[in-house]
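Protein chains in written order, with the numbering used here: chain A, 1286 to 1520; chain B, 1286 to 1520. Everything on this sheet refers to the single structure shown next.
There are 2 protein chains.
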Amino acid sequence: MTERTPSEASRDIPEATVARLPVYLRALTALSEAGTATCSSEHLATAAGVNSAMLRKDLSHLGSYGTRGVGYDVEYLRYQIAREIGVTQDWPVVIVGIGNLGHALANFSGFRSRGFRVVALLDADPRRHQEVVAGVDVRPFSDLEAIVHEHGVAIGVISTPAPAAQDVADHMVAAGIRSILNFAPTVLAVPPGVDVRKVDLSIELQILAYHEQRKALGAAAVERPVDGALEGRPA
Amino acid sequence: MTERTPSEASRDIPEATVARLPVYLRALTALSEAGTATCSSEHLATAAGVNSAMLRKDLSHLGSYGTRGVGYDVEYLRYQIAREIGVTQDWPVVIVGIGNLGHALANFSGFRSRGFRVVALLDADPRRHQEVVAGVDVRPFSDLEAIVHEHGVAIGVISTPAPAAQDVADHMVAAGIRSILNFAPTVLAVPPGVDVRKVDLSIELQILAYHEQRKALGAAAVERPVDGALEGRPA
DNA sequence: TAGATTGTTAATCGATTAACAATC
DNA sequence: TAGATTGTTAATCGATTAACAATC
């Protein structure tokens, strides 16, 4: 059951590598469109914003797709990475929560071009059910299960307000979805076997703020109040 | 200049910890709003979706803000984390690129409530300069430098199409911005000392697709073509 | 053959986790 | 005092980087 052909050496790719493969894929697509036939690890690494040792290490998890002394065939490597990620196939996606962000996501061209097809837009608010966004009409949230089964949806996107997100996730899981991209600023609880990735705008800004604050401190090391001077411990 | 008071033990917090502090902050805010005065590391960790050992380790980098045998004072810990991140102060932010995503960002309430204030919306397209979005009017991109200086903007958000992003980043850096949140699907080159965080929707979906594909393989291990059977190496 | 560049090894670094002594 | 829970230590795990032998 879990046995594996030894020839298929490429299983169990580290998570950090998986997260970079789409970046390499994009860089290779750009090189391909620019008419470049071959590239070195150095060249590709620069385009992807990583160092070449890391790139080669990452690619070594997939297999041996380069040629020593020469480099990588752009088209060939691009296909191999696309296949490894799974974007050579079509992925039906459903988006739940068609507010400002949901509109932006539905209209985002980068999905379609990478094998993701938005098959349905759902919203709990009946006033939105008149709307057509990006050529797809907005349907009631209660249609979720039917749509998931009809289109074989494996990936769900949540762009509702935070209070609704857990309920949406529960229904997605119940309908058979096992991969969720969550834009709502809340921690989702899901059963084992379900993957959740979160995109959290205000967390990203807070991380930047932390570093920005430290930069400012370096510049004027005085302004910060001395440890504990302002706020006492509670009793 | 770089000397440091030994009492301020909390410098040099690991990057992984910094990325989780905003999650703890959000959980503490929820606890606070629910009227909870005290919580254990176990309780807070569950709310934040991490394990309690990691939470305590993370908090230990900030200082010793708990009470053995008792737990943490919710309000006190919340303030300490907020101060550490820097969200007790106000951060003026500028957003460049007011398409669908820019609209969604400008309207996002989570910014304002966490100390981020959108002081300007900029777009290169003159047709957008009539618009008022979320109470702020859209101004020409060429106003960037003046606005940055006027408001002391330290954080810039890029929500333009990919081809425009590098040029926007260059202008931001030239204007003095040293923290950038990039939503454009492209790798930005910036000088040392400038922080860039990227949010890339299609990369997130591709990471989910990779894992989804592997789940499907586990279920039906046969369907995948045998290694190299379909595609030959290029000459 | 000589030069170039991959794929891999080994060293280093950082992050996570479990366990427990300190202490409220 | 006894029970609870923190803060820290040490072990483990995973990711990054440099260096170089393999080889085109």
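Positions of the beta carbon are idealized from the N, C-alpha and C atoms, including for glycine.
- Within the region 1369-1380 of chain A, contact with chain B at the beta-carbon level (separation under 7 Å) is assigned to 1370, 1371, 1372 and 1376.
- A residue is called buried once 16 or more other Cβ atoms fall within 10 Å of its Cβ, and residue 1410 of chain B, having fewer, is exposed.
- Distance check between residue 1443 of chain A and each of A/1396, A/1424, A/1386 and A/1437 places A/1386 closest, using alpha-carbon atoms only.
- Contact with chain B is absent for residue 1426 of chain A, since none of that chain's Cβ atoms lies less than 9 Å from the residue's Cβ.
- Contact annotation: residue 1390 of chain A and residue 1468 of chain A have beta-carbon atoms nearer than 9 Å.
- In this structure, the CA atom of residue 1459 of chain A is about 14 Å from the CA atom of residue 1473 of chain A.
- Shown in chain order are the members of the region 1460-1491 of chain B whose Cβ falls below 7 Å from a Cβ of chain A: 1463, 1464, 1466, 1470, 1472, 1480, 1482, 1484, 1486, 1487, 1488, 1489, 1490 and 1491.
- Contact check for residue 1395 of chain B against residue 1487 of chain A passes: the beta carbons are separated by less than 9 Å.
- What residue 1395 of chain A touches in chain B, judged by beta-carbon distance under 7 Å, is 1470, 1486 and 1487, going in chain order.
- Residue environment for residue 1489 of chain B: buried (at least 16 other C-beta atoms within 10 angstroms of its C-beta).
- Between residue 1453 of chain B and the set B/1367, B/1297, B/1382 and B/1320, the nearest pair of CA atoms involves B/1382.
- For residue 1311 of chain B, the uninterrupted alpha helix (DSSP H) run begins and ends at 1300-1318, by DSSP.
- For residue 1452 of chain B, the enclosing alpha helix (DSSP H) begins and ends at 1447-1460.
- The Cβ atoms of residue 1466 of chain B and residue 1493 of chain A lie closer than 9 Å to each other.
- For residue 1390 of chain A, the enclosing alpha helix (DSSP H) begins and ends at 1385-1392.
- In the DSSP assignment, residue 1350 of chain B falls outside any beta strand (DSSP E), carrying neither H nor E.
- Chain B has a Cβ within less than 9 Å of the Cβ of residue 1400 of chain A.
- Residue 1313 of chain B and residue 1326 of chain A have their C-alpha atoms roughly 45 Å apart.
- Between residue 1370 of chain B and residue 1310 of chain B, the beta carbon gap of about 7 Å places them in contact (Cβ cut-off 8 Å).
- Across the structure, residue 1388 of chain B and residue 1484 of chain B are spaced so that their CA atoms are roughly 16 Å apart.
- The C-beta of residue 1498 of chain A comes closer than 9 Å to at least one C-beta of chain B.
- When rounded, the separation of the alpha-carbon atoms in residue 1337 of chain B and residue 1331 of chain B is 8 Å.
- DSSP, read as helix, strand or coil, puts residue 1322 of chain A in coil.
- Contact between residue 1497 of chain B and residue 1368 of chain A is ruled out by a C-beta separation of about 14 Å, above the 8 Å threshold.
- Between the alpha carbons of residue 1321 of chain A and residue 1344 of chain A lies a distance of about 19 Å.
- Proximity of chain A to residue 1333 of chain B at the Cβ level (cut-off 7 Å) is accounted for by 1472, in chain order.
- The Cβ of residue 1382 of chain B sits no closer than 9 Å to any Cβ of chain A.
- For residue 1466 of chain A, the enclosing beta strand (DSSP E) has its first and last residue at 1464-1467.
- Under the DSSP assignment, residue 1433 of chain B falls in the alpha helix (DSSP H) whose first and last residues are 1429-1436.
- A direct Cα-Cα distance of roughly 14 Å separates residue 1359 of chain B from residue 1333 of chain B.
- The beta-carbon separation of residue 1376 of chain B and residue 1354 of chain B, rounded to 38 Å, does not stay under the 8 Å limit for a contact.
- In terms of beta-carbon proximity, residue 1306 of chain A lines the interface with chain B, with at least one pair separated by less than 9 Å.
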